[in-house]
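A.B. asks: With positions in the sequence shown counted from 1, the corresponding number in the numbering used here is that position plus 446.
Beta carbons: idealized from backbone N, C-alpha and C, even for Gly.
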Amino acid sequence: MPDRACTAAKKGRVPDAAMTELSQEKPADWWEVEALFDLCFVPGREALSSYRLRDGTAPLGDMCLVERDEAGILGGAVRSWGVAVGGAAAVLFGPVAVHPTRQGEGLGALLVYRSIEIAKAAGWQRMMLVGDASYYGRFGFRVLPDVMMPPPTNPARVLGLDLQPGAWAGARGSVTKPA
Ligand SMILES: CC(C)(COP(=O)(O)OP(=O)(O)OC[C@H]1O[C@@H](n2cnc3c(N)ncnc32)[C@H](O)[C@@H]1OP(=O)(O)O)[C@@H](O)C(=O)NCCC(=O)NCCS
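#1: Taking just the CA atoms, how far does G521 sit from P541?
#2: So is Y559 buried or exposed if we call it buried at 16+ other beta carbons inside 10 Å?
#3: On a Cα-Cα basis, can you pick out the residue from K472, L506, L575, G586 that is closest to T599?
#4: Within a Cβ cutoff of 8 angstroms, which residues of the same chain sit near I562, ignoring the five residues on either side of it in sequence?
#5: Given the structure, does E551 come close to ligand 1, in the sense that its CB is under 8 angstroms from one of the ligand's heavy atoms?
#6: Have a look at E516, A517, G507 and flag the residue whose alpha-carbon is nearest the alpha-carbon of R525.
#7: Within 8 angstroms: the Cβ of R514 and any heavy atom of ligand 2?
#8: Looking only at DSSP bridge pairs, what is D484 linked to?
#9: Is F587 near ligand 1 - that is, is its Cβ less than 8 angstroms away from at least one heavy atom of it?
#10: Under the criterion of a Cβ to heavy atom distance below 8 angstroms, does P541 qualify as lining ligand 1?
#11: Could you pull the start and end residues of the beta strand (DSSP E) that E513 belongs to?
#12: For A568, which residues of its own chain have a beta-carbon under 7 angstroms away from its beta-carbon, when the five flanking residues on both sides are left out?
#13: Closer than 6 angstroms by C-beta to T622: which residues in its own chain qualify, once you throw out the five before and the five after it? Chain order, please.
Dropping the structure here:
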């Protein structure tokens, strides 16, 4: 777990990574994860423009994570996809969701931090998402003023994180499926 997450864990904001097991999503998990996303997001989530970048493209398997409690009940999940931004490769993080009965325990933060860790280890240079800066700012995500998601997307919700120093400085333009 990154240092920042360890500090947060000590403050009780992120569950102890040793106690909270995240595993890679398996094919048998697919529909249960879909049901969790349906529960946690507005109806019609698949009409969102970010889904047009996911249609017909497999997610990044090593960045599709699930958390189950000791009874096997799904508590949280995340999936991420590869995209291109003006020719530069990036991770499109999300969707991420935590079951309403488990929210506020730090599970969301653990899913974000672990995804960042895996992406860095896999050699990705930059990560982006469409979401609330008020939540993702704590992980270092900032508005990407020069990056355009397919419309309609509120530009204030297009956020990015450098996985390598300065990685977003040279990446701008429209977000597309990877070539
Ligand atoms: C967003 C989500 C994944 C966070 O999961 P979580 O496990 O509850 O998050 P954490 O426990 O790590 O963090 C909780 C903190 O984040 C805050 N938070 C949650 N969603 C937020 C949002 N959209 N904007 C700002 N802050 C938010 C909570 O108020 C809480 O604040 P606190 O630490 O000051 O008490 C979860 O609330 C969820 O599934 N929401 C519905 C789906 C969704 O919106 N997904 C993200 C799409 S951008």
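C.D. replies: Answer, in terms of the structure:
#1: 14 angstroms
#2: Y559 comes out buried.
#3: L575
#4: Its chain contains P448, M573, F585, L607, L609 as the residues whose beta carbon lies nearer than 8 angstroms to that of I562, once the 5 sequence neighbours on both sides are disregarded; these appear in chain order.
#5: At least one heavy atom of ligand 1 is nearer than 8 angstroms to the Cβ of E551, so yes.
#6: G507
#7: Ligands present in the displayed structure are limited to ligand 1, and ligand 2 is not among them.
#8: Answer by DSSP bridge pairing: none, since D484 is not bridged.
#9: The closest heavy atom of ligand 1 lies 8 angstroms or more from the beta carbon of F587.
#10: yes
#11: 511 to 514
#12: D508
#13: A530
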